[in-house]
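Scroll down for the structure; my scribbles are underneath it.
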Amino acid sequence: MHVIYGGTFDPIHHGHLRLALEISDRLEVVPINLVPCHIPPHRGDTGASAEQRLRLLELALAGEAQLRVDERELKRAGASYTADTLRQLREELGPEHPLTMVVGTDSFASFDRWREWQSIPELAHIVVVRRPGAELDPDGLPAAMLAERRVSDPQALHGQPCGLMLDLQLPLLEISATGIRERIEAGRSPRYLVPDSVWQEIRRQGLYRACPDGNF
Ligand code: ATP
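Structure (structure tokens):
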């Protein structure tokens, strides 16, 4: 089975990394492919560039055989749409190979506003990871879709190419990239929230700083 886990990863942090490893263990799949997206235009410009985010990801994953970076969305011109990425992967993998995407409830809550969202279950399975503070609206379309396609056994995903949804409750670390950027901008250290190699590179490049020349 091919598994992708997309995000802005601005920057990658231990919450992302732990989640990816838990998914690898639960689904019994190696590797999990982390897919950094183009930063959507509505986000502020305090974040890192595509190259910088990719560099941080590579540092974070160095020596970790269970996780891998897939750069396809950074290489594609324009906005990153999950449906395009899944369609491209489906062409590469063929019609029978199980394909799965992982998404947190914070993103999945607005699933019915994603481009071509209705075609996504025809391309892949979806693993929905419950994130504290990001509950799904019980009357909304994403919750209805989840109820209709839900399976409880991760093994079920291996048995067909797409169309199922796994509702996963995992022990998650309470870390967000927004919190890390805010901390750095305020001149406070994010150490232990991100790998040391990532923090070193953030400092070396002066990323996320209101005033890049200031001291820590
Ligand atoms: P931001 O704060 O900038 O929105 P983020 O930390 O939520 O960033 P993203 O890159 O937007 O990170 O998230 C990518 C995916 O990772 C999303 O599906 C999100 O639900 C999930 N995710 C983010 N943080 C965590 C965490 N601490 N534990 C588990 N999953 C997470």
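Heads up, the sequence shown is in full-length UniProt numbering, so the first residue is 1 and it goes up one at a time.
Don't be surprised by glycine CBs; every beta carbon is placed ideally from N, CA and C.
Note that the structure is predicted; figures quoted are calculated from it, not measured.
* Does the separation of the CB atoms of D167 and L141 fall below 7 Å? -> Along the sequence shown, one-based indexing puts residue 167 at 167. Along the sequence shown, one-based indexing puts residue 141 at 141. When the beta-carbon positions are compared, D167 and L141 stay at least 7 Å from each other.
* Inter-residue Cα distance where the pair is R68 and P31 -> Residue numbering aside, residue 68 sits at position 68 when the sequence shown is read from its first letter. Residue numbering aside, residue 31 sits at position 31 when the sequence shown is read from its first letter. Computed Cα separation, rounded: 6 Å.
* Would you kindly report the start and end of the unbroken alpha helix (DSSP H) that includes H14? => Here residue 14 is taken as the residue at index 14 of the sequence shown, counted from 1. Residues 14-27.
* To do: Evaluate the contact criterion for the segment 3-20 versus the segment 33-40: three or more CB pairs, one atom per stretch, below 8 Å.
  => In short, these stretches touch, since the Cβ pair count reaches three.
* Can you tell which of E64, M1, A83, Q66 has the C-alpha that lies nearest to the C-alpha of E73? -> Start at 1 with the first residue of the sequence shown, and residue 73 comes out as number 73. Of E64, M1, A83, Q66, the residue nearest in Cα terms is A83.
* Should T105 go down as buried or exposed, given a rule of 16 or more other Cβ atoms within 10 Å for buried? -> Start at 1 with the first residue of the sequence shown, and residue 105 comes out as number 105. With 16 or more other Cβ atoms within 10 Å, it is buried.
* Measuring CA to CA, which of L173, E91, L207 is closest to R130? -> Sequence index remark: in the sequence shown, residue 130 carries index 130 (1-based). Looking at the Cα atoms, L173 is the closest of the given residues.
* Asked: Would the beta-carbon of T85 be found less than 6 Å away from any heavy atom of the ligand ATP?
  -> Numbered from 1 along the sequence shown, position 85 holds the residue referred to as residue 85. Not so, every heavy atom of the ligand ATP lies at least 6 Å from the Cβ.
* Considering only C-alpha positions, which residue in the set Q169, L93, R87 is nearest to V127? -> Reading the sequence shown from its first residue, position 127 is the one you call residue 127. Closest by C-alpha distance to V127, out of Q169, L93, R87, is Q169.
* Do L193 and H13 come within 7 Å of each other at the CB atom, strictly closer than that value? -> Working through the sequence shown from its first residue, we reach residue 13 at position 13. Working through the sequence shown from its first residue, we reach residue 193 at position 193. The answer is yes: Cβ separation under 7 Å.
* To do: Out of I120, H158, G206, R76, point me to the one whose CA is closest to L27's CA.
  => As a first step, residue 27 must be located in the sequence shown, where it is residue number 27. It is H158 whose Cα lies nearest to the Cα of L27.
* **Of the listed residues P132, H125, I120, nearest to R150 (C-alpha basis)** => For the purposes of this step, residue 150 is taken as residue 150 along the sequence shown, with counting starting at 1. Ranking P132, H125, I120 by Cα distance to R150 puts H125 first.
* Asked: Helix, strand or coil: how does DSSP classify D84 here?
  -> Here residue 84 refers to the residue found at position 84 of the sequence shown. Reduced to three states, the DSSP call for D84 is helix.
* To do: Take R181 and list the residues in its own chain whose beta-carbon comes closer than 6 Å to its own, dropping the five residues that flank it on each side.
  => Here residue 181 refers to the residue found at position 181 when the sequence shown is read from its first residue. Cβ contact annotation for R181 (same chain, cutoff 6 Å, sequence separation greater than five): Y208, in chain order.
* Asked: According to DSSP, what are the bridge partners of G104?
  -> Within the sequence shown, residue 104 is the residue found at index 104, counting from 1. DSSP, once it has assigned bridges, lists V129 as partnering G104.
* For the segment 49-65 and the segment 83-92, state whether three or more C-beta atom pairs, one from each stretch, are separated by less than 8 Å. => Verdict: no, contact absent.
* **beta strand (DSSP E) segment containing M165, residue limits** => Along the sequence shown, read from residue 1 onward, the residue named residue 165 stands at position 165. Taken as a continuous stretch (DSSP letters only), the beta strand (DSSP E) holding M165 covers 165-168.
* **S110 classed as buried or exposed, judged by whether at least 16 other C-beta atoms fall within 10 angstroms** => Mapped onto the sequence shown, residue 110 falls at position 110. Answer is exposed; the Cβ neighbour count stays below 16.
* Asked: In chain order, which continuous runs of the beta strand (DSSP E) of length 3 or greater are located wholly inside the segment 111-157?
  -> Restricting attention to beta strand (DSSP E) runs no shorter than 3 residues, the segment 111-157 encloses them at 125-129, ordered along the chain.
* Taking all protein chains shown into account, do 16 or more other C-beta atoms lie within 10 angstroms of the C-beta of S24, making it buried, or fewer, making it exposed? -> To locate residue 24, count along the sequence shown from 1; it is residue 24. Of the other Cβ atoms in all chains shown, 16 or more fall within 10 Å of the Cβ of S24; this residue is therefore buried.
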